[in-house]
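Input: a single structure, listed below in structure tokens.
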Amino acid sequence: MVIASVRRVSAEFPELAGLKIAAIGTPDYDTSDADWIGLDDYQQRAAIFTNGYYAAFKAKLKPGQQLFLMPGGYQAVQQDPVPFINFALDPAHPEIAAVIPFLWIDTTGFKGIRSLPNKQAYIDAGMRVIHP
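Count the sequence shown with my numbering and you get residues 62 to 193, in order.
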């Protein structure tokens with residue numbers, strides 16, 4: 062599923078085709094050759110900003126690397142995207158390249174954000190990023 066998504070994005074945005082992305086859940090993972098590093102610990106939710114999880118990733122950044130936040134929005138998780146958007150829009154965090162919620166589409170076994178009651182919260186949060 063992730064590979065297919067990356068291919069669709071690469072086709073639509075060819076300027077990103079060479080971008081190396083690592084979406085991981087532990088700061089011990091080797092991200093030395095990644096351009097963007099994704100943080101997606103769905104159980105800790107927005108606590109990642111205060112419990113050292115985010116700080117551990119930020120401390121490992123090399124010049125040119127950026128982080129992206131992946132709040133979980135699919136049926137089993139349904140995180141509130143607002144704390145992630147607020148954190149990303151704070152000028153004190155230029156290391157954040159994007160907020161990419163997981164997962165908009167429905168797939169086998171669970172509903173994606175587009176089919177859930179909190180869909181509008183994700184749309185509203187996304188619009189804040191597009192039109193701050």
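All C-beta atoms, glycine included, are put in the ideal place defined by N, C-alpha and C.
The model shown is predicted, which means the values in this text are computed figures rather than measured ones.
Put simply, the backbone Cα of N179 is about 30 Å away from that of A117. The three-state secondary structure of Q181, taken from DSSP, is helix. Closest by C-alpha distance to M131, out of D102, S93, R189, is D102. DSSP, reduced to helix, strand and coil, places L122 outside both helices and strands of the structure shown, so it counts as coil. Under the three-state reduction of DSSP, I146 is assigned to helix. The straight-line gap separating the alpha-carbon atoms of A95 and I157 is approximately 14 Å.
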